[in-house]
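Read left to right, the sequence shown gives residues 46 to 389 (our numbering).
Glycine included, C-beta positions come from ideal geometry on N, C-alpha and C.
What follows is a short report on a single structure.
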Amino acid sequence: MSEEKRNGPLARAHRAIENDNVEELSQIAELQSWCSLSVEATLNFFGKEYKNPTLVQYAAFNCKSKCLKYILRRCPNVLDNLTDSPLSNAQIALPYPYPLLHIAVLGGDIECVAAVIRYSTLGEKDESFINKQDNLGFTALHFLSINNDYSETEGSISSVQREKLEKQYQADLEKRKRIARLLLDNGASLWIPNCMSETPLITALMRNQDLFQFYVEYLLEKHEKLNLKDFLEERKFEYGTADGHPRTIEECLKSNPDASAALEWLKERIFDNVQTRSVEVADLDSSDDPVSAIRNGTPFSSIIPTKRCGKQSCVILEDLERCPYCGTLYCQTHFSDHVAHCNK
C-alpha cells in the first residue's frame with residue numbers, strides 16, 4: 046500500500062472506526078463522501094468470508110457503536126446508498142447486498158442495532174424498514190434466528206472447554222434475546238417467509254430452539270394468537286434436495302430431535318386456536334393470570350376448561366358452539382355476545 050493511500054482519508058477513517066474513536070473520525074474532511082466506499086477488510090459470518098465492506102458496514106458489524114452513531118447522525122444519506130455498495134462473497138463470487146440492519150444484527154451489539162433503527166426511522170415505528178428483506182427474502186429477524194455453531198468438535202473435549210462453550214452460548218443467547226425484543230417491539234414480524242417459505246419463527250424452531258421458546262413467550266406476553274394446527278401444516282422447502290419438494294414442519298421435525306423437543310414444549314403452552322386473554326383460569330389462584338401460569342410451568346389442562354362454556358360464571362356443558370375468532374366454546378346464551386366482542 047502506498048504512503049498516500051495509507052494516510053488517505055479512507056484509511057484514516059478506517060483506523061478511527063477500528064478504535065471506535067469519534068474524535069479522530071470527526072477530523073476526516075468530507076466524511077460523507079467516504080462512508081459508502083469499500084475498505085480492505087473481511088466480515089466472517091455463516092461460515093463464509095465477505096470481503097470489502099463499506100465503512101459503515103464495517104462499523105455496524107464490528108460493534109463500533111460510537112462511530113456508527115456519529116456516521117448515521119452526520120451522514121444520513123449513507124443509509125440510502127448501501128445497496129450500491131454490496132458486500133462481495135468470496136465463495137460465491139457474486140455481489141450480495143445486505144441491508145445495514147442485517148449487518149448490525151449479525152454483529153450482535155444491541156447499541157449498533159438500536160442506532161440503525163433510530164436513525165433510519167427517525168424515532169417512529171416503521172415496519173417496512175424493520176422487516177426489510179435481502180435478495181433471498183431474509184429479514185433481520187431471520188438472521189438473528191440462525192444459531193452460531195457451538196457444537197462440539199469430533200472427539201472428546203475437556204470439562205473446562207465444555208464449560209467455556211456453554212458460557213459462550215448463554216452469553217450469545219442473552220444478546221440475541223435483547224436484540225430480538227428490540228426488533229419485535231419496533232414492529233419486526235415473525236411471520237414473513239423467505240425464499241424457502243421459512244418464517245423467522247420456523248427458522249428459530251429448526252436452528253435455535255432456545256430463541257424459539259423466547260419468541261413464543263413474547264407472543265404469549267403480547268396476547269398474540271397462535272394456531273398450532275396451522276403452524277404445523279405450514280410448508281417449508283427442504284434443504285439440499287434437487288427438486289425443492291416442500292414438506293410440512295411436522296415432517297421436517299422427524300429428522301431434528303432438538304426441534305422436536307421444542308415442539309413438545311410448544312404443545313404444552315399453546316392450545317390450538319385459543320387466545321390466552323379469553324381463557325378461563327380454572328384451577329389457579331385469582332392472583333395468577335394464564336400467561337404467568339404458562340410461563341411458570343402450569344399444565345394447560347389446569348388452565349383451559351374443555352367442553353364447558355367459556356363464560357366465567359357459566360357452568361353449561363352441552364350444546365356449545367366454537368367462536369370462529371378465538372376458538373373458545375360458548376353456550377347458546379353467551380355465544381352471540383362473545384363473538385361480537387371478539388370480532389372488534
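Considering Cα atoms alone, identify which of the options is closest to residue i.
i	options	result
residue 103	93, 82, 236, 118	82
residue 236	183, 210, 309	183
residue 189	170, 64, 217, 209	217
residue 166	367, 252, 259, 231	231
residue 173	376, 146, 59	146
residue 263	380, 227, 170, 93	227
residue 311	254, 154, 205	254
residue 252	294, 213, 212	294
residue 143	164, 181, 162	181
residue 80	208, 203, 58	58
Taking C-beta to C-beta, are residue i and residue j nearer than 8 Å?
i	j	result
residue 250	residue 185	no
residue 257	residue 307	yes
residue 176	residue 233	yes
residue 84	residue 101	no
residue 76	residue 120	yes
residue 191	residue 244	no
residue 384	residue 368	yes
residue 117	residue 160	yes
residue 70	residue 56	no
Short of 6 Å in beta carbon distance, which residues of its chain neighbour residue i, apart from the five on each side in sequence? Order them along the chain.
i	result
residue 88	95, 98, 106
residue 178	184
residue 148	102, 105, 106
Go ahead and label residue i buried or exposed: buried means 16 or more other beta carbons lie within 10 angstroms of its beta carbon, across all protein chains shown.
i	result
residue 91	exposed
residue 72	exposed
residue 354	buried
residue 64	exposed
Quick one: residues in its chain with C-beta nearer than 7 Å to the C-beta of residue i, no 5 flanking neighbours on either side, listed in chain order?
i	result
residue 150	158, 185, 188, 189, 224
residue 221	189, 256
residue 461	In the structure as shown, the chain starts at 46 and stops at 389, and residue 461 therefore has no counterpart that could be examined.
residue 259	222, 225
Ignore the nearest five residues each way along the sequence and tell me which others in residue i's own chain have a CB closer than 8 Å to its CB.
i	result
residue 340	With a pLDDT of 42 at residue 340, under the threshold of 50, the modelled position of this residue cannot be trusted, and the question is left open.
residue 153	108, 217, 220, 221, 224
residue 379	354, 355, 356, 359
For residue i, verify whether its CB is less than 7 Å away from any heavy atom of the ligand ATP.
i	result
residue 204	Of ligands this structure carries none, so the ligand ATP is not represented either.
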